[in-house]
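Taking it in order: structure first as structure tokens, then the write-up.
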Amino acid sequence: MQAVSTDLISEILELKRSRNAVILAHNYQIAAIQEVADFVGDSLGLSRQAAETDADVIAFCGVHFMGETAKILSPSKTVVIPDRDAGCSLSDSCPADKLAAYLEEHCDKKYYVIAYINCSAGVKALADVIVTSGNAVKIVESAPKDRNILFVPDQNLGAWVMEKTGRQMDLWRGNCYVHVEFTRDSIHRIKTEFPAAVVVAHPECTLAVRLLADEVCSTEKMVSYCRDNPAKDFIIVTESGMLHRLRREVPNKNFIPGPTDSCACADCRYMKMNTLEKLRDCLANLEPRIEIPEDVRAKAEYSVRRMLELSK
Ligand code: 13P
Ligand code: SF4
């Protein structure tokens, strides 16, 4: 971890106090942001925190759709994000207008729409229920048996959920540009180098990569899985920020980043747009701020709250 200015940390903590703010950070954030955050977790844990906080301001260190989810759940709070351009290739692969047109075109199917949380508020507003990688299996299992399911936007996560549940779903053809960079060859190579290591992969990876994994799970589940597994060495096939979280929480084990064909580890360029300086600035200026039209927010809240209910 790079040396971090203690003045900058003090400034952030002072702003947090004076604004009555809470700092939420996703597991893929840089180490320095994870260290200053009040809560670090996966999309499900962060949604719960956003729904329950009594802070006036939520500073959300993640990507845009995560800040939106916080605003959907806590509309009276000011939600700020360090960088407005921190988007998500997966969310971008399913624009709300395209989904609306698709549903119109296939209205005979009377789809029950299940949306992975990595999507815009507009897509959440069109969905019947939201899922994260941590609760998708459970929620799909509870979906009405007499309805056709359309799962958006991640085809890899959707395919993994179909394998786990045996439920047939029509899949939107989106993917995460980071997780599809792991390949069968790149994971084979690292397995050859560390033959005793246990391979843990995120379900956004392709089938070819998931087949090489000992465990496929959400980022939060990776922490408990690695803690409880007797193995010493783990190859972590997801975004690089996860390695910091794991090393902090499970210090007695060895975590090896899953490589891609061209890099020793995989960084999400959007997650990595956030810096401590930008976090300080968003707390100081209360900008960039998340705003969502109320009709869209209210519809999206329905599907997000249904997720929270079903994953209790
Ligand atoms: P998790 O919910 O497992 O943290 O995943 C979020 C994400 O963006 C994965 O790319
Ligand atoms: Fe989106 Fe992939 Fe980045 Fe997650 S890792 S925020 S899915 S682009």
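All the letters of the sequence shown, read from the start, carry residue numbers 733 to 1044 under my numbering.
We treat Cβ as the ideally placed atom computed from N, Cα and C, and that holds for glycine.
Keep in mind the model is a prediction, meaning the values are calculated, not measured.
Whole-angstrom C-beta distance between residue j and residue i, which should lie under 8 Å
i     : j     : result
V941  : R916  : 6 Å
Y760  : M974  : 7 Å
F792  : V811  : 6 Å
A998  : E913  : 6 Å
I813  : V754  : 13 Å between Cβ atoms; not a contact.
G777  : E952  : 6 Å
I1061 : L1042 : The structure shown does not extend to residue 1061, since the chain is modelled only from 733 through 1044, so no value can be given for it.
Residues of its chain near residue i, where Cβ-Cβ distance is below 6 Å and the 5 sequence neighbours each way are ignored
i    : result
V982 : C958, R959
A857 : V1028, K1031, A1032
F771 : L756, Q781
S775 : I849, T864
V884 : C826, A847, W904
Where the beta strand (DSSP E) containing residue i begins and where it ends
i    : result
G773 : 771-773
H758 : 753-758
A791 : 789-793
T810 : 810-812
I988 : 986-989
Sequence-distant residues of the same chain with beta carbon closer than 7 Å to residue i, five excluded per side
i    : result
V948 : W892, A933, P935, R942
H976 : A763, Q766
L889 : Y848, S865, A868, P935, E936
V910 : E971, A998, C1000
Run of the alpha helix (DSSP H) containing residue i, from where it starts to where it stops
i     : result
C1014 : 1008-1017
I765  : 763-768
A875  : Segment: none, A875 is in no alpha helix (DSSP H) and carries neither H nor E.
I804  : 796-805
D1027 : 1026-1042
Beta-carbon contacts of residue i that lie in its chain and below 8 Å, excluding the five residues immediately before and after
i     : result
V931  : I919, K923, L944, A945, D946, E947, F966, I967, V969, G990
V869  : V893, K896, T897
I988  : I922, F926, A929, D965, F966, I967, I968
E1009 : L740
Problem set entry | Any beta strand (DSSP E) of 3 or more consecutive residues that is wholly inside the region 815-863 | 844-848, 861-863
Exercise. Mind pulling the beta strand (DSSP E) runs of 3 or more residues that sit fully within the region 878-934?
Worked result: 881-884, 930-933
Exercise. Counting pairs of Cβ atoms below 8 Å between the region 1011-1030 and the region 790-804, do you hit three or more?
Worked result: yes
Exercise. Is the number of C-beta pairs between the region 818-826 and the region 837-846 that are closer than 8 Å three or more?
Worked result: no
Exercise. Taking three-plus beta-carbon pairs below 8 Å as touching, is the region 835-844 in contact with the region 875-891?
Worked result: yes
For this session: Just list the alpha helix (DSSP H) runs in the region 943-974, keeping only unbroken ones of 4 residues or longer that don't cross its boundaries, in chain order.
Result: 951-960
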